[in-house]
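In our numbering, the protein residues as written are 12 to 281.
For each residue, glycine too, the CB sits at the ideal point set by N, CA and C.
Just so it is clear, the structure is predicted and the values come from calculations on it, not from any experiment.
Below is one structure, written out as structure tokens, with a few remarks after it.
Following this line, the structure appears as structure tokens:
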């Protein structure tokens, strides 16, 4: 059995930086993981790549040969990947099927994980190869400084959860860039009535019922929550990784579990 993280999220949310930091953390702690690049537009990496979609298809070549724009070209590349799951991907995964841990660095186009089937079919292929897979959704912490951005981020995350049907960990990235952490805390542990009031202030009165329903979806059913990640802190990386490992049943015999980490300690750790 293999284990895998599918790293998704909007463009600029820090997915590749997350992969690089995760690789370095595991290297420093004597743990092995392999990173797979699924972005045909990627230019360089700060980590060794075990498998690279650009060996199969490259976005620049597609745009030049087919006259497509960046978004259309990327969708074409991902469709081509989907068509080659049983060939290129299966061959590439042959060396990584026995208790190996893979991290898939995905493109940032939101439609790939919200409403088109390519990534879902990719996930199904991994499952057929006996991989336990977790979706790791990264959202820029700046989304947590404004109530409308917060709701937008929650809905995008929820869309990915519904589309992919995977164990899901939402990560609030770039916490090292946040100057006023109090603003972030208001959204990590939100008071629904406060958020609803703020949302109603920003939107026209006819949206009041919609706002109320959205807040009930986020709060009452606890469907979306975010784990803050500060890449400067080893304890923060360990905590996030422990959450993901638990969701895919990695290292079930090990002593390290999510409950072993105290969030208050993480916040105080520098």
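Taking every protein chain shown into account, the CB of residue 12 has fewer than 16 other CB atoms within 10 angstroms, so this residue is exposed.
Its chain contains 158 and 159 as the residues whose beta carbon lies nearer than 7 Å to that of residue 213, once the 5 sequence neighbours on both sides are disregarded; these appear in chain order. Under the three-state reduction of DSSP output, residue 14 falls in the strand class.
Taking the C-beta atoms as reference points, residue 14 is found nearer than 9 Å to residue 144. Taking each of 240, 82 and 258 in turn and checking the Cα distance to residue 179, the smallest one comes out for 258. In this structure, residue 188 lies away from residue 224, with their beta-carbon atoms at least 9 Å apart. With contact defined as three or more Cβ pairs closer than 8 Å, the stretch 83–95 and the stretch 115–127 are in contact.
By the Cβ neighbour-count rule, residue 208 is exposed, with fewer than 16 other Cβ atoms within 10 Å of its own. The DSSP-derived three-state label of residue 21 is coil. By the Cβ neighbour-count rule, residue 39 is exposed, with fewer than 16 other Cβ atoms within 10 Å of its own. Within the same chain, and ignoring the five residues on either side of residue 164 in sequence, the residues whose Cβ sits closer than 7 Å to its Cβ are 150 and 154.
Taken atom to atom, the span from the alpha-carbon of residue 71 to that of residue 52 is near 7 Å. For residue 229, the enclosing alpha helix (DSSP H) stretches over residues 219–231. The beta-carbon separation of residue 177 and residue 134, rounded to 6 Å, stays under the 8 Å limit for a contact.
The Cβ atoms of residue 252 and residue 34 do not sit closer than 9 Å to each other.
Residue 246 is positioned such that its CB atom lies no closer than 9 Å to that of residue 186.
DSSP places residue 117 in no alpha helix (DSSP H); its state is neither H nor E.
Bounds of any alpha helix (DSSP H) do not take in residue 144; it lies within the beta strand (DSSP E) bounded by 142–151. With a 10 Å radius around the Cβ and a threshold of 16 neighbouring Cβ atoms, residue 21 comes out buried. For the pair residue 56 and residue 29, the Cα-to-Cα distance works out to about 12 Å.
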